[in-house]
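The numbering of the sequence shown is this note's numbering, which starts it at 1 and goes up by one.
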Amino acid sequence: MSSANYAVSTQMVIDDETKKIKIDKQVLDRIHIFCQIEKGMPEAGGILAGRQNISNSNLIIEHHTEPMYGDYQTRYRFTRKDLGHLSFFQELYNNSNGTIGYVGEWHTHPEDIPQYSMIDLRNWRKIYTKAETNQVQYHLIAGRKAVVIWKYSGKHLCPVKIACIYWEDFV
Ligand SMILES: [Zn+2]
Numbered sequence: 001m002s003s004a005n006y007a008v009s010t011q012m013v014i015d016d017e018t019k020k021i022k023i024d025k026q027v028l029d030r031i032h033i034f035c036q037i038e039k040g041m042p043e044a045g046g047i048l049a050g051r052q053n054i055s056n057s058n059l060i061i062e063h064h065t066e067p068m069y070g071d072y073q074t075r076y077r078f079t080r081k082d083l084g085h086l087s088f089f090q091e092l093y094n095n096s097n098g099t100i101g102y103v104g105e106w107h108t109h110p111e112d113i114p115q116y117s118m119i120d121l122r123n124w125r126k127i128y129t130k131a132e133t134n135q136v137q138y139h140l141i142a143g144r145k146a147v148v149i150w151k152y153s154g155k156h157l158c159p160v161k162i163a164c165i166y167w168e169d170f171v
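This is how it looks when you write it as structure tokens:
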């Protein structure tokens with residue numbers, strides 16, 4: 001796991017081996033709103049999308065979806081069911097001539113420092129298996145105190161935690 005730096009205030013920058021993963025602050029600010037600070041707040045989630053910089057293979061995450069009407073949301077569970085997430089992504093993909101691609105999933109957890117559950121792992125495995133082009137996916141879980149990002153690059157491998165960043169250091 002590597003550290004993040006906050007020198008560029010409009011993005012969260014994470015090192016992943018030789019490349020950098022950049023997440024737009026606008027995306028994180030929106031995700032932060034759904035953090036389960038209050039007792040009654042359900043889990044929330046959506047899709048992350050971004051583009052790969054061809055020259056240096058850095059990844060810039062600058063789009064996301066938010067909970068939609070057809071999603072399943074309880075205190076301890078978020079299931080992305082509404083097809084609107086995929087159609088939003090499909091439109092982005094088409095309008096950008098395929099330069100904006102699927103990056104991964106995000107969802108909240110009602111715990112301070114989030115850890116993925118077995119259900120999350122099964123879901124990530126399913127997504128990896130179904131993906132046609134992506135070799136690697138990045139999934140984000142937003143806890144009450146920190147946001148954690150995992151890289152998932154193989155059906156039989158465990159997700160690799162690449163960053164754990166405290167909200168108070170960023171938002
Ligand atoms: Zn989860």
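Idealized CB from N, CA, C, for every residue including glycine.
Item	Value
For residue 161 and residue 76, what's the separation of their Cα atoms in angstroms?	21 Å
Would you list the one or two residues that DSSP bridges to residue 147?	142 and 165
Mind checking which residues open and close the alpha helix (DSSP H) that includes residue 39?	First-last for residue 39: undefined, no H or E at that position.
In angstroms with no decimal places, state the Cα-to-Cα distance between residue 140 and residue 62.	14 Å
Should residue 14 be counted as a contact of ligand 1 given a C-beta to heavy atom distance under 7 Å?	no
Beta-carbon separation of residue 46 and residue 74 under 8 Å?	no
My guess is that residue 20 and residue 13 are in contact by the Cβ rule of under 8 Å, so how many angstroms apart are they, rounded?	6 Å
Apart from the five residues on each side of it in sequence, which residues of its chain come closer than 6 Å, Cβ to Cβ, to residue 50?	59, 60, 61, 62 and 103
Comparing C-alpha positions only, which one of 69, 93, 96 and 92 sits nearest to residue 83?	69
For residue 85, which of helix, strand or coil comes out of DSSP?	helix
Using a 10 Å radius around the Cβ and a threshold of 16 neighbouring Cβ atoms, would you call residue 22 buried or exposed?	buried
What are the boundary residues of the alpha helix (DSSP H) that residue 27 is part of?	25-33
Pick helix, strand or coil for residue 45, following the three-state DSSP scheme.	strand
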